[in-house]
Amino acid sequence: MPIYHKLGKIPQKRHTQFEKPNGGLYYEQLFGTIGFDGMSSLSYHVHRPTQVKEIGKAVDMSPKIAVEKNITSRKLIGFDVQPKDDFSEAREPLLVNNDVHIGLAAPKKSITDYFYKNADADEMLFIHKGSGTLKTFLGNIPFEYGDYLIIPRGMIYKIEFDTEDNRILYAESFHPIYTPKRYRNWFGQLLEHSPYCERDYKLPQDLQTFDEKGQFLMKIKKQGMLHQLVYATHPFDVVGWDGYNFPYGFSIHNFEPITGRVHQPPPVHQTFETNAFVVCSFCPRLYDYHPKAIPAPYNHSNIDSDEVLYYVDGDFMSRTGIGPGHISLHPAGIPHGPHPGTYEASIGKKGTEELAVMIDTFKPLMVTENALKIDDGKYYKSWLE
Ligand SMILES: [Fe+2]
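The sequence shown begins at 1 in full-length UniProt numbering and counts up by one.
Laid out in structure tokens, this is it:
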């Protein structure tokens, strides 16, 4: 997160004595990334954050691959993913490679009896349905329909939902998720041409400190396993922190589309970047205004990227037979483009209400068994005239 933020009480000078009101010292923790070169935060804990009591059985959460080498365009019916009570069990990995696991989850219940940490991956949760609060050891972030939640690896969190009807697109990224570099100046500030700015971020707030001892179960995802550790103190015992490494939210509704006289390429929709994939937001916008413009995209060969589009709301102008919750996969190696009829039908249209999230990966995606269960099986023929 390329801005500085702080919550609670911190000492004037880092790495110095920070005394508790009733005697003793708070315990400082450096929470860093990329060795000691990446973004980091310093947090101050009531108890040592290292007090492991027990280590229980680990559960294998690795995706089960059905198609390792895929060249089939696919449509997945995302709302056919069955709701499950538990947040981590509800996650269904669909399209995966060594860089990212993309999946859907329909969790019904809040996390109440454990804490969760993904030690391997930055997580992007896109909230399609539902609202609630992301609770972390660095503060809370209320979320609602249309929010991206970016949770850097290692953040300890719980998630609280307001109702049972929740739908989440998620990406577990084994590379850090950043804002696109070309949107930032050399100090990290978002530039005038960026489609969003720092004011749009939902930063952690309302830091709550729990000074409690007992049994605290933490489920830690690492190397595909969900490890279960019992800690002796409450993981949310931070009295203050500052730095650059923290979770944040951003609403897709705050993404300001960039439009032009003729069709603008996908990078104008870019929202986040990593070394291995990009995330784009397709938002309601005015169409191209050249007198001879064709608002629908041209056919394109994303010859070295797999393209995953998650349809959120509105009519997607270049597709037929697509509805909310659907995922299309257009694999690298073959061209794709607008469906028959949509190219011509787009001419003269003034705007679109489409809302979609795109994830383009630079390495091919494998298709999981979960994905095949919700695959319509005939999408690859949908361009036939
Ligand atoms: Fe495309």
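Heads up, the beta-carbon is just placed ideally off N, CA and C, and yes, glycines get one too.
Nearest-angstrom beta carbon gap, residue 118 and residue 174 [assumed within contact, 8 Å]: On the sequence shown, position 174 is the one that residue 174 refers to. On the sequence shown, position 118 is the one that residue 118 refers to. Their Cβ separation, rounded to whole angstroms, is 10 Å, which puts residue 174 and residue 118 out of contact at 8 Å.
For residue 84, the three-state DSSP class (helix, strand or coil): By one-based count along the sequence shown, residue 84 stands at place 84. It is a strand residue.
Rounded distance between the beta-carbons of residue 110 and residue 160, thought under 8 Å: The sequence position of residue 160 within the sequence shown is 160, counting from 1. The sequence position of residue 110 within the sequence shown is 110, counting from 1. Contact flag correct, Cβ pair sits at about 4 Å.
Inter-residue spacing [alpha-carbon to alpha-carbon] between residue 312 and residue 189: Mapped onto the sequence shown, residue 312 falls at position 312. Mapped onto the sequence shown, residue 189 falls at position 189. Their Cα atoms are separated by approximately 30 Å.
Residue 256: CB within 7 Å of a non-hydrogen atom of ligand 1: Locating residue 256 in the sequence shown gives position 256, where the first residue counts as 1. No; taking the cut-off as 7 Å, the Cβ of residue 256 has no heavy atom of ligand 1 nearer than that.
Closer than 7 Å: residue 307 CB and nearest ligand 1 heavy atom: Taking the first residue of the sequence shown as 1, we reach residue 307 at position 307. Yes, since a heavy atom of ligand 1 falls inside the 7 Å radius drawn around the Cβ of residue 307.
Endpoints, alpha helix (DSSP H) assigned at residue 342: Sequence index remark: in the sequence shown, residue 342 carries index 342 (1-based). Residue 342 -> alpha helix (DSSP H) spans 342-345.
Contact under 8 Å by Cβ, residue 126 with residue 145: Within the sequence shown, the letter at position 126 stands for residue 126. Within the sequence shown, the letter at position 145 stands for residue 145. No.
Selection from 15, 256, 138 that minimises the alpha carbon distance to residue 28: As a first step, residue 28 is located in the sequence shown; it is residue number 28 there, counting from the start. Measuring from the Cα of residue 28, the nearest candidate turns out to be 15.
Beta-carbon gap between residue 128 and residue 325 smaller than 8 Å: Numbered from 1 along the sequence shown, position 128 holds the residue referred to as residue 128. Numbered from 1 along the sequence shown, position 325 holds the residue referred to as residue 325. Against a cut-off of 8 Å, the Cβ pair of residue 325 and residue 128 comes out as a contact.
Interface flag, residue 221 vs chain C, CB-CB below 8 Å: Among the chains in the structure shown there is no chain C, since it carries only a single protein chain.
Burial state of residue 37, where buried means 16 or more other Cβ atoms lie within 10 Å: Taking the first residue of the sequence shown as 1, we reach residue 37 at position 37. The residue is exposed, with fewer than 16 neighbouring Cβ atoms inside 10 Å.
Residues near residue 306 by beta carbon distance below 6 Å, same chain, minus five either side: As a position in the sequence shown, residue 306 is number 306, starting the count at 1. Same-chain partners within the cutoff: 331, 332, 361, 364, 365.
3-residue-minimum beta strand (DSSP E) runs that sit fully inside the UniProt domain "Homogentisate 1,2-dioxygenase C-terminal" (276-383), ordered along the chain: 277-282, 306-313, 326-330, 355-361, 366-368
Buried versus exposed call for residue 268 [16 or more other C-beta atoms within 10 Å across all chains shown]: Here residue 268 corresponds to residue number 268 of the sequence shown, with the count starting at 1. Its Cβ having fewer than 16 others within 10 Å, residue 268 is exposed.
Per-residue burial, residue 182 [other beta carbons within 10 Å of its own, 16 or more giving buried]: Taking the first residue of the sequence shown as 1, we reach residue 182 at position 182. Flag for residue 182 reads exposed.
Cβ shell of residue 288 (< 8 Å), same chain only, five flanking positions each side left out: Here residue 288 refers to the residue found at position 288 of the sequence shown. Only 259, 260, 261, 262, 263, 264, 294, 295 meet the Cβ criterion.
Cβ-heavy atom distance, residue 302 to ligand 1, below 7 Å: As a working note, residue 302 is residue 302 in the sequence shown. Correct: residue 302 has its Cβ closer than 7 Å to ligand 1.
Extent of the continuous beta strand (DSSP E) run through residue 241: Here residue 241 corresponds to residue number 241 of the sequence shown, with the count starting at 1. Start and end: 238-243.
DSSP beta-bridge partners of residue 60: Numbered from 1 along the sequence shown, position 60 holds the residue referred to as residue 60. BP columns for residue 60 point to 225.
Secondary structure of residue 462, DSSP reduced to three states: The question about residue 462 has no answer, for the chain in this structure spans 1 to 385.
Inter-residue Cα distance where the pair is residue 380 and residue 319: Start at 1 with the first residue of the sequence shown, and residue 380 comes out as number 380. Start at 1 with the first residue of the sequence shown, and residue 319 comes out as number 319. Roughly 13 Å between the two C-alpha positions.
Sub-8 Å separation of residue 389 and residue 228 beta-carbons: The structure shown does not extend to residue 389, since the chain is modelled only from 1 through 385, so no value can be given for it.
Boundaries (first-last residue) of the beta strand (DSSP E) holding residue 45: As a position in the sequence shown, residue 45 is number 45, starting the count at 1. Taken as a continuous stretch (DSSP letters only), the beta strand (DSSP E) holding residue 45 covers 40-45.
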